[in-house]
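Single-structure report; data block below.
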Amino acid sequence: MREIAYDDLVKSVKAMVMHTASHLPEDALKAIEKAYEEEKSEVAKSVLKQILDNAQLAKSEDRPLCQDTGLAVYFINVGEDVKVVGGSIRDAINEATEQAYKEGYLRASTCDCFDRHNLKDEVGYNLPAVIHFDIVPGDKIEIEYAAKGGGSENVSRATVLAPAQGKPGIMNFVKQVISDAGPNPCPPIIVGVGIGGTFEVAAKSSKHALFREAGTPNPNPDLDAFEKELKEELNKLGIGAMGMGGTQTVLAVHIEKNPCHIASLPVSVNVQCHSSRHSHITL
Amino acid sequence: MAEYHMTTPLSDEDVSKLEAGDIVYLSGTIYTARDAAHKRLVDLIEKGEELPFDLKGSVIYFVGPTPPKPGEPIGSAGPTTSYRMDSYSPILIKHGQKGMIGKGKRSQEVKDACKEHKAVYFGATGGAGALIAKAIKKAKVIAYEELGPEAVRELEVENFPVTVINDTKGNDLYEMGRAKYEVKD
Ligand code: SF4
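Protein sequences appear in the order of chains A and B.
Letter by letter, the first sequence follows residues 27 to 309 in this note's numbering.
Letter by letter, the second sequence follows residues 108 to 292 in this note's numbering.
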């Protein structure tokens, strides 16, 4: 059994979280640059320019890209032949999150659902982190991380379609969600679509789909074609950068598909704003 | 689309010349408030009590910044989604507020209030928090410190870049822009 020290885990995750707040990853940058080149609307182009300038400035001055520094969301694959010594993995992730958000001057955004008071003093600064664990073969710990803002999360939706509705039904649902969202999720956006599984599996898959590098093809050729078709359809909505009208609304569509029950077709749409802050490390 | 440089407080004349799609560089004093602070401001108006700042000609920025690093006036400070202020804004507009800065769609009531009382809704670029912070020269909490990022701050801004979304004539850039680029099969 391979061993990883608790403190080493905290250190690595903390460094990743701090870095992610101010460094827009290459895939998002490239996708936005491409949108800037292809955009026909002058107003939308000026918005895309601001977004690119902002990324440059955030990086050079080490400032948060956006004031909504998000909830800390993790997908963690823990190998069967590795263990963390000196504490639990969950505690290490939460500790790293809290330290990174505090020391990086990031915003604490977790609150109580009803009275809306910030939980920074009683639970921890921007805690709890949202953690999805899985157990996999091997002796590594793979950690995918995203700082997920509220604006794009607020417009995300899930449903269960009738099987007969098929791909056209999925297309209509996704189109409706993005059309209703309009300017609110800070377009240009990346659209994660979870298809199949059970209700919650579809939702989780739609979130996980957002972790894929934008612009990389889907390994399944059928899904890859469907992603391209969806992107084209969604860009016809004309929403444009920050909703001001334009041809470039969607940077990428990412689909994850799972087998489902013979009676149902769950579909979930999770939206990611242009500030697509994500990273991964393997320990 | 025209470009203007304007200094707060804004007059009826200032806002009346603005049209949806115009770009404005704002300078002067503006105030920050999100939903919790809006609720308190409206409560004060309803009780007939004095507000922490003069609403006449004011511009309110919907923002909850990140904490400032030592020696800096403010952290990253991009706009938050505006619809959460929709139930409060018409009351503030009626009492003299002239501008709002945020992102995302507003309700019909807000657009009507802009038309009736001459006010505008400006959009700032969401997610451009580091860039916008550059336009903010000074920041001071003037009320509701206990609300943390949601406290009311007085900001000194210089050439803060915004785009007119809803003007005093009932136009909406989100609808106009989308109609122009929508492809119907
Ligand atoms: S939707 Fe994204 S870019 Fe827009 S304010 Fe929220 S986190 Fe920032």
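The beta-carbon is built from N, C-alpha and C at its ideal position, and this holds for glycine as well.
CB-CB under 7 Å to B/L133, same chain, minus the five flanking residues each way: which ones, in chain order? Walking along the second sequence from the start, residue 133 of chain B turns up at place 26. Excluding residues within five positions, the ones whose Cβ falls inside 7 Å are M113, T115, V166, V264, F267 and V269.
Interface positions of the segment 52–86 of chain A facing chain B (Cβ-Cβ less than 8 Å), listed along the chain: K66, S67, E68, V69, A70, S72, V73, Q76, I77, D79, N80, L83 and A84
Any beta strand (DSSP E) of 3 or more consecutive residues that is wholly inside the segment 187–221 of chain A: none
I'd like to check one pair, A/L91 with A/A84: are the Cβ atoms closer than 9 Å? The residue given as residue 84 of chain A occupies position 58 in the first sequence. The residue given as residue 91 of chain A occupies position 65 in the first sequence. Closer than 9 Å, so yes.
Stretch pair the segment 241–250 of chain B + the segment 113–122 of chain A: three plus CB contacts closer than 8 Å: no
So what's A/L291 in DSSP terms, helix, strand or just coil? For the purposes of this step, residue 291 of chain A is taken as residue 265 along the first sequence, with counting starting at 1. Note: A/L291 maps to strand in three-state DSSP.
So A/D77 and B/G230 are in contact, right, with Cβ under 8 Å, and what is the actual spacing, rounded? Position 51 of the first sequence, counted from the start, is the residue given in the question as residue 77 of chain A. Position 123 of the second sequence, counted from the start, is the residue given in the question as residue 230 of chain B. Note that residue 77 of chain A is Ile in the sequence shown, not Asp. Wrong, their Cβ atoms sit about 13 Å apart, outside the cutoff.
Cutting at 8 Å between CB atoms, please list the residues of its own chain near A/I115, excluding the five before and the five after it. One-based indexing of the first sequence puts residue 115 of chain A at position 89. Answer for A/I115: L35, I102, V104, F159 and I167, listed in chain order.
Any heavy atom of the ligand SF4 closer than 8 Å to the Cβ of A/H306? Reading the first sequence from its first residue, position 280 is the one you call residue 306 of chain A. Answer for A/H306: no, Cβ out of range of the ligand SF4.
Contact list for A/Y131 against chain B, beta-carbon separation under 8 Å: Position 105 of the first sequence, counted from the start, is the residue given in the question as residue 131 of chain A. Going along chain B in sequence order, the residues near A/Y131 (Cβ under 8 Å) are T173, P174, P175, K176 and G182.
Residues of chain B with a CB under 9 Å from the CB of A/G264: which are they? Within the first sequence, residue 264 of chain A is the residue found at index 238, counting from 1. Those within 9 Å of A/G264 in chain B are G284, R285, A286, K287, Y288, E289 and V290.
Does the Cβ of A/S182 lie closer than 8 Å to at least one heavy atom of the ligand SF4? Working through the first sequence from its first residue, we reach residue 182 of chain A at position 156. The answer is no for A/S182.
By the criterion of Cβ-Cβ separation under 9 Å, what are the contact partners of A/N296 in chain B? Taking the first residue of the first sequence as position 1, residue 296 of chain A is located at position 270. Within chain B, no residue comes near A/N296; the closest Cβ sits about 17 Å away, beyond 9 Å.
Three-state secondary structure (DSSP) of A/I265: On the first sequence, position 239 is the one that residue 265 of chain A refers to. Residue state, collapsed to three classes: coil.
For A/T308, list the residues DSSP reports as bridge partners. Working through the first sequence from its first residue, we reach residue 308 of chain A at position 282. Looking at the DSSP assignment, A/T308 forms a beta bridge with A/E168.
Contact the segment 155–163 of chain B vs the segment 176–189 of chain B: 3+ CB pairs below 8 Å: no
Relative to chain B, which residues along the segment 205–227 of chain A have a C-beta separation below 7 Å, given in chain order? G208, P209, N210 and C212
Spatially closest choice to B/A226 from B/Y168, B/V259, B/K245 and B/K201, by CA coordinates: Counting from 1 along the second sequence, the entry for residue 226 of chain B is found at position 119. Among B/Y168, B/V259, B/K245 and B/K201, the Cα nearest to that of B/A226 is on B/K201.
Under 8 Å by beta carbon: chain B residues contacting A/P90: As a working mapping, residue 90 of chain A is identified with position 64 in the first sequence. Under the 8 Å cutoff, chain B gives T173, G182, S183, G236 and A237.
Which residues does DSSP pair with A/C137 in a beta bridge? Residue 137 of chain A sits at position 111 when you count from the first residue of the first sequence. Partner(s): A/N144.
Report buried or exposed for A/N296, applying the criterion of at least 16 other Cβ atoms within 10 angstroms of its Cβ. Counting from one through the first sequence, the residue named residue 296 of chain A turns up at place 270. Classification for A/N296: buried.
With DSSP as the reference, please indicate the residues paired to A/A98 in a beta bridge. Indexing the first sequence from 1 puts residue 98 of chain A at position 72. Beta-bridge pairing links A/A98 to A/A173.
If contact means a Cβ-Cβ distance below 9 Å, which residues of the segment 167–180 of chain A contact chain B? G175, G176, G177 and N180
So for A/L7, helix, strand or coil by DSSP? One cannot answer for residue 7 of chain A here, as it falls past the ends of chain A, which runs 27 to 309.
Applying a beta-carbon distance threshold of less than 7 Å, which residues of chain B neighbour A/S301? The residue labelled residue 301 of chain A in the question sits at position 275 within the first sequence. Simply G234.
If you check the beta carbons only, do A/V181 and A/P154 fall under 9 Å apart? Locating residue 181 of chain A in the first sequence gives position 155, counting from the first residue. Locating residue 154 of chain A in the first sequence gives position 128, counting from the first residue. For A/V181 and A/P154, no; Cβs fall outside 9 Å.
Please state whether DSSP places B/G185 in a helix, a strand or coil. Residue 185 of chain B sits at position 78 when you count from the first residue of the second sequence. Correct three-state label for B/G185: coil.
Figure out for me which residue from B/P186, B/A143 and B/M207 has the closest Cα to the Cα of B/L162. Against the second sequence, residue 162 of chain B aligns to sequence position 55. For B/L162, the nearest C-alpha among the options comes from B/M207.
Apart from the five residues on each side of it in sequence, which residues of its chain come closer than 7 Å, Cβ to Cβ, to A/V110? Indexing the first sequence from 1 puts residue 110 of chain A at position 84. If we look at A/V110 and ignore the five residues flanking it on each side, its Cβ neighbours are I30, Y32, L35 and A118.
What separation, rounded to the nearest whole angstrom, lies between the Cα atoms of B/G164 and B/I181? Against the second sequence, residue 164 of chain B aligns to sequence position 57. Against the second sequence, residue 181 of chain B aligns to sequence position 74. Cα to Cα, the separation comes out at about 24 Å.
Would DSSP call A/Y127 helix, strand or coil? What you label residue 127 of chain A is simply residue 101 of the first sequence in a count that begins at 1. Three-state result, A/Y127: helix.
May I ask you to list the residues that DSSP assigns as paired with B/M207? Counting from 1 along the second sequence, the entry for residue 207 of chain B is found at position 100. B/M207 is bridged to B/I167 and B/Y228.
Look at A/I221 and A/N284 and say whether their C-beta atoms are less than 9 Å apart. Counting from 1 along the first sequence, the entry for residue 221 of chain A is found at position 195. Counting from 1 along the first sequence, the entry for residue 284 of chain A is found at position 258. Contact flag set, yes.
Apply the 10 Å Cβ neighbour rule to B/K245 and answer buried if 16 or more other Cβ atoms are within range, or exposed otherwise. As a position in the second sequence, residue 245 of chain B is number 138, starting the count at 1. Label assigned to B/K245: exposed.
Should A/G177 be counted as a contact of the ligand SF4 given a C-beta to heavy atom distance under 8 Å? The sequence position of residue 177 of chain A within the first sequence is 151, counting from 1. Flag set: Cβ of A/G177 near the ligand SF4.
With burial defined as no fewer than 16 other Cβ atoms inside 10 Å of the residue's Cβ, what is the status of A/G177: buried or exposed? Here residue 177 of chain A refers to the residue found at position 151 of the first sequence. By the neighbour-count rule (16 or more Cβ atoms within 10 Å), A/G177 is buried.
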